[in-house]
Amino acid sequence: MSGPITAEPKARGAFFTPSAICDFIARWAIRSGRDRILEPSCGDAAFLTAAGKRLRDSFDLVARGAESLVSIDQVQGVELHEASAREAAFISARAGVPATILIGDFFDVSPESRFDAVIGNPPYIRYQDFTGEARAKAQRRALEVGHPMSGLASSWAPFVLHAARFVAPGGRLGLVLPAELLSVNYAAPVRSFLMGTFGQIELVLFEERVFPGVMEEVVLLLAEQPGKTTDHVAVRQLRDLVALDDGGASVSSWTPEETSDKWLPALLGPAAGETYAKLNRESFTTLSTWGNTYLGAVTGNNRFFTLTAADVSRRGFREPELLPISPPGSRHLRGTTFTERAWREMVNAGGRTHLFFPANDDLSSAARAYIKEGEALEVHKAYKCRVRKPWWRVPIVPTPDLLLTYMNHDAPRLVRNEANVAHLNSIHGVRLRSEHSSLGRHGLPIAALNSMTLLGAELVGRSYGGGMLKLEPKEADRLPVPSPDLLTRVAPALRALHPQLGRALRGGALLDAVQLVDRALLIEGAKLNRRAVRALRDAREAMFARRSARS
C-alpha cells in the first residue's frame, strides 16, 4: 500500500472491501487450484481470505494436502504498513491458505514474478496528499510502461499500471477502483493502457453505493488476455452487492473513438448509445462550435469586492468605480434569459449586484477609504490579491453573450445575458462567434433544454460528492448542442414555446420544459422517433439517479 506509514487506515488510502466483492473477484480471477495469486495492497487480507476460500472450496486444496501447492509462494501479498502485514499473514493462514506477505511499498517491487490472478483494492490517496517520494516512485513506474501520469493523479491510477505488469500470460487482473476511472482526465493514460494491454475488459458498476460510509462510487475492473489489445469494453450494471450472484445480468459493449476517451458513454444502453452517436454525427455539434467558454472574474474575496446597492449608497462610491455583475452563485439563473429587469429586482432585494472596480487610479475619497479598510482586514494578503498590481483592481474578462451554470444538481443552464452584466467565477461565460451571435443568443438557451444535451452533460461533466455535476470550460466545450443548421430550422417552433417554457421553469418543472423542447427539436427537427427520444431520456435519468444517489 502506498502513502505515508500511519496507523490510520484512511490516511493510507485504505478502504476495507466488502466480502461479497472480494469473493466475486476471486471467483472470476482464480480458475485453477494451481493458480498463483497476488494481492498487491493486502491491508486486512480481504482478498487473500477470498482467494483461500476459492482455492479451498472450489478446488479442494486443503483436502489434497500441501503437495498440491505449486510452491510456498503460491499466494502472495504486499503491504506497506507492518502491523497490517502481520495481521494479513495471520488472517490468511487462519483461512486455510498461508500467504507470503512482503512488507514494503508496492512501487518498490519489480515484476520479476508473474501471477495468474492479481486481485485487490488499490489505495486511494488524492493527489493533494499523494506527494513526495511516494508520488515520485509511482510516476517512475508509470513512465516505465510508457504512460506518464498527470500531477493531478490520485494514487490508484499509477497503481493499476504497475499491478498489470505482474499478470502472467493467460492471467487476469481484478481490481476495485474508483469510478473516476470512467470520467476524470487524469485517468486517460490508464484507460489507454488497459485497452492496449488486455484483449478483454469488463466493468461492473453499481447503482447504489457499496462501501459503507464512503461517498466514492466504485467500479470493478476485470481484465484478461494480457499481451493483446481491444477496441471495446463490456459493461455490467448491477443494483447492489446482492446482484453480484445474479448470473443473468445483461452485459453491453461500447467502443470509444479513442482509447483515452472517457468511458462514461459505456453506461448507456444500446438504444441510447446508438441515438447519441447518430445525433452527434448528423444534427448536433459541440458548444465550442458556437463560441468560447471561459471562467468568470476571480476577485480573491467576494465578501469585500461584491457590493449591495445599500453598500454603494452608504459609502458614496462614484459610478465609474463600480461594475454591474451577475451576483455570486447561480440560483438566479434558472430560466433562459437574465434580463435587466431581473437584475434590477436583485438590486432592490439586496443582492450583491456591483463589483468594486475602479478602472483607473483617479480614486474618490470613498474608494481610497475602502481600500484602506480592506488592507486593515488583510484582504490584500489573499493569494489572488497579492499577486496583482494594484491588489484592489480585479482582472475583468469580456462580458459574455451567454451565462453557463457549471455546478448543478439537476442540469447546467445556458442563459442569455440580456442584462449585459459581467460575471464572476461562480459561473462560466460563453462568447459567441460573430456568425452565430444572433441565432445563438436567442436560440441556444432554449434549445439546450433537450434530452440529448442533458445526457451529454452527464457524460462530459464530473460528478462530485453530494451529487453535484460540474463542468469545467474544456468540458463545457464538448457539451453536445444543436448544430446551427438544426437550430435555424426549428427556431420559430422554439420561440413559440417561450411562454410555456417560462411557466415550467419558474415552477421548477425542468423535465416538463425538456419534453416540450424534445418534441420541437428532436422529433420534428432531427426526425427522431419517440422511442429513440425516450431512450435518451431514460439514459439521462439513470445517470442522474446514479449521481444523485451519492448525495
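Just so it is clear: in the sequence shown, position 259 is 1285 by the numbering used here, and no numbers are missing. Every residue, glycine too, gets a C-beta built ideally from N, C-alpha and C.
Looking at the structure shown, is residue i part of a helix, part of a strand, or coil, going by DSSP?
{"i": "Glu1399", "result": "helix"}
{"i": "Ala1109", "result": "helix"}
{"i": "His1454", "result": "strand"}
{"i": "His1449", "result": "coil"}
{"i": "Glu1250", "result": "strand"}
{"i": "Gly1317", "result": "strand"}
{"i": "Pro1508", "result": "strand"}
{"i": "Phe1132", "result": "helix"}
{"i": "His1406", "result": "helix"}
{"i": "Gly1103", "result": "strand"}
{"i": "Pro1350", "result": "strand"}
{"i": "Val1540", "result": "helix"}
{"i": "Phe1073", "result": "helix"}
{"i": "Ala1385", "result": "coil"}
{"i": "Glu1216", "result": "Residue identity differs from the one stated: residue 1216 is Val in this sequence, not Glu. If DSSP states are grouped into helix, strand and coil, Val1216 belongs with the helices."}
{"i": "Glu1461", "result": "helix"}
{"i": "Phe1310", "result": "strand"}
{"i": "Ile1063", "result": "strand"}
{"i": "Leu1594", "result": "Nothing can be reported for residue 1594, as the shown portion of the chain is limited to 1027 through 1577."}
{"i": "Phe1050", "result": "helix"}
{"i": "Thr1332", "result": "strand"}
{"i": "His1380", "result": "strand"}
{"i": "Leu1231", "result": "strand"}
{"i": "Val1171", "result": "coil"}
{"i": "Ala1474", "result": "coil"}
Return the residue from the list the options that minimises the CA-CA distance to residue i.
{"i": "Arg1378", "options": "Trp1369, Ala1385, Asn1386", "result": "Trp1369"}
{"i": "Val1405", "options": "Asp1538, Trp1417, Arg1394", "result": "Trp1417"}
{"i": "Val1210", "options": "Phe1237, Pro1137, Trp1182", "result": "Trp1182"}
{"i": "Leu1428", "options": "Ala1143, Thr1223, Ala1502", "result": "Ala1502"}
{"i": "Leu1267", "options": "Val1244, Leu1248, Val1261", "result": "Val1244"}
{"i": "Phe1133", "options": "Asp1099, Arg1191, Arg1120", "result": "Arg1191"}
{"i": "Cys1048", "options": "Leu1349, Ser1084, Asn1147, Arg1557", "result": "Asn1147"}
{"i": "Ala1519", "options": "Ser1176, Ile1127, Arg1532, His1468", "result": "His1468"}
{"i": "Ala1385", "options": "Leu1313, Glu1347, Thr1362, Pro1291", "result": "Glu1347"}
{"i": "Ala1571", "options": "Leu1128, Arg1166, Leu1293", "result": "Leu1293"}
{"i": "Ser1067", "options": "Glu1108, Asp1083, Ala1046, Phe1050", "result": "Glu1108"}
{"i": "Asp1257", "options": "Pro1282, Ala1269, Ser1464", "result": "Pro1282"}
{"i": "Arg1529", "options": "Trp1316, Arg1360, Gln1251", "result": "Arg1360"}
{"i": "Gly1059", "options": "Phe1073, Ala1046, Pro1044, Val1101", "result": "Val1101"}
{"i": "Phe1382", "options": "Gly1355, Arg1419, Leu1106, Val1171", "result": "Arg1419"}
{"i": "Val1602", "options": "Pro1291, Gly1317, Leu1537", "result": "Nothing can be reported for residue 1602, as the shown portion of the chain is limited to 1027 through 1577."}
{"i": "Leu1246", "options": "Leu1450, Asp1564, Leu1313, Ile1227", "result": "Ile1227"}
{"i": "Glu1484", "options": "Ala1115, Ala1125, Leu1207, Ala1565", "result": "Ala1565"}
Residue i: buried (16+ other C-beta within 10 angstroms of its C-beta) or exposed?
{"i": "Gln1263", "result": "buried"}
{"i": "Ala1111", "result": "buried"}
{"i": "Ala1142", "result": "Residue identity check: residue 1142 is Asp in the sequence provided, not Ala. The residue is buried, with at least 16 neighbouring Cβ atoms inside 10 Å."}
{"i": "Leu1284", "result": "The sequence as given places Glu at residue 1284; Leu does not occur at that position. The residue is exposed, with fewer than 16 neighbouring Cβ atoms inside 10 Å."}
{"i": "Asn1374", "result": "exposed"}
{"i": "Leu1169", "result": "exposed"}
{"i": "Leu1349", "result": "buried"}
{"i": "Ser1180", "result": "buried"}
{"i": "Glu1138", "result": "exposed"}
{"i": "Leu1403", "result": "exposed"}
{"i": "Leu1248", "result": "buried"}
{"i": "Asn1443", "result": "buried"}
{"i": "Thr1365", "result": "exposed"}
{"i": "Lys1079", "result": "buried"}
{"i": "Asp1083", "result": "exposed"}
{"i": "Val1096", "result": "Annotation note: pLDDT 41 at Val1096 (below 50); position unreliable, coordinate value reported separately. Looking at its Cβ environment, which holds fewer than 16 other Cβ atoms inside 10 Å, Val1096 is exposed."}
{"i": "Gln1526", "result": "exposed"}
{"i": "His1188", "result": "buried"}
{"i": "Asp1544", "result": "buried"}
{"i": "Glu1300", "result": "exposed"}
{"i": "His1524", "result": "exposed"}
{"i": "Pro1353", "result": "buried"}
Just grab the DSSP bridge partners of residue i for me.
{"i": "Ser1278", "result": "Val1261"}
{"i": "Arg1198", "result": "Ala1143, Glu1250"}
{"i": "Met1494", "result": "Tyr1490"}
{"i": "Pro1204", "result": "Val1244"}
{"i": "Ile1572", "result": "The residue asked about is misnamed: residue 1572 is Arg in this sequence, not Ile. According to DSSP, which records beta bridges pairwise, Arg1572 is partnered with nothing at all."}
{"i": "Thr1363", "result": "Arg1442"}
{"i": "Leu1429", "result": "Val1441, Gly1455"}
{"i": "Gln1226", "result": "Glu1250"}
{"i": "His1435", "result": "DSSP, once it has assigned bridges, lists no residue as partnering His1435."}
{"i": "Ile1127", "result": "Gly1103"}
**OP:** Count the C-beta pairs between the segment 1465 to 1484 and the segment 1394 to 1411 that are closer than 8 Å, then say yes if the count reaches three, no if not.
**Re:** no
Original post:
So, do the segment 1314 to 1325 and the segment 1447 to 1456 have three or more beta carbon pairs nearer to each other than 8 Å?
Top reply: yes
Original post:
Are there three or more Cβ pairs, one per stretch, closer than 8 Å when the segment 1280 to 1300 is compared with the segment 1214 to 1221?
Top reply: yes
Original post:
Does the segment 1159 to 1166 come close enough to the segment 1193 to 1213 that 3 or more CB-CB pairs lie under 8 Å?
Top reply: no
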